[in-house]
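Engineer: Residue numbers (our numbering), protein chains in the order written: chain C, 37 to 151; chain H, 19 to 132.
1) By the criterion of Cβ-Cβ separation under 9 Å, what are the contact partners of residue 138 (chain C) in chain H?
2) Mind pulling the chain H residues with CB within less than 7 Å of residue 143 (chain C)?
3) Given a cut-off of 8 Å, decide if residue 123 (chain C) and residue 106 (chain C) are closer than it, judged by their beta-carbon atoms.
4) Straight-line CA distance for residue 46 (chain H) to residue 112 (chain H)?
5) Give me the residue from C:50, C:60, C:48 and C:44 with the minimum Cα distance to residue 142 (chain C).
6) Closer than 8 Å is the cut-off here; do at least three beta carbon pairs connect the stretch 104-111 of chain H with the stretch 46-65 of chain H?
7) Please check the pair residue 140 (chain C) and residue 129 (chain C), which I expect to be a contact at CB under 8 Å, by giving their CB distance rounded to whole angstroms.
8) Quick one: does residue 124 (chain H) have its CB under 8 Å from some CB of chain C?
9) If you count every other CB in all the chains shown that lies within 10 Å of the CB of residue 103 (chain C), and 16 or more means buried, which is it?
10) Do residue 127 (chain C) and residue 73 (chain C) come within 8 Å of each other at the CB atom, strictly closer than that value?
11) Tell me whether residue 32 (chain H) sits in a helix, a strand or coil according to DSSP, three-state version.
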């Protein structure tokens, strides 16, 4: 069974440019998460989807970040415009809501460098 | 707001040693607790997940314990090997209205030298 797929794996852009990350969750998983991991820190939740609905986006900087999950499967996270402080690893995870422990499975991440 | 702290921040040991990584959390009303491993430039690999009704889980040389009343979890690694070198993260799963929300510690960087 394929795991969580993310692309691209690496992205280098100049500040003020837009950037987008894509995530394909594990087949059948109805819950999808986007996390940001700064260097030397643990991941922090940006947004959580249950099917197509964003049920927790309280940590998403809405002035420049946006996300969508069309048809409740793939998801895209966008930053526009990017700032130097956005350099981080962006991780996507998925889980099957309703299981006994709701375990999250993580993708390899996208490492973003903003110059 | 849940806060998760890991001690030590970094650990360097010779091969063969048994070691303990510590994780503490401020809100004991967690649902589950999970330990992850992260290699440089990679994503997170799940090691052990302890459900709220359990006190420990074991996998090979790894044993994780959970004491919700004291807000602590430990990851025990027996007979450490150079291949165990990585960053180890613990994360608590929230219950209630924030069901499923993961809060991570900052990680322990482990180096096992031959």
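We put the CB at the ideal spot given by N, CA and C, even for glycine.
Structural biologist: Let's see:
1) The contacting residues are 49, 50, 111, 117 and 118.
2) 61
3) no
4) 9 Å
5) C:60
6) Contact between the stretch 104-111 of chain H and the stretch 46-65 of chain H is present, because at least three Cβ pairs lie under 8 Å.
7) In this structure, residue 140 (chain C) and residue 129 (chain C) form a Cβ contact; the two beta carbons are roughly 4 Å apart against a cut-off of 8 Å.
8) yes
9) Residue 103 (chain C) counts as buried, since no fewer than 16 other beta carbons sit within 10 angstroms of its beta carbon.
10) The answer is yes: Cβ separation under 8 Å.
11) strand
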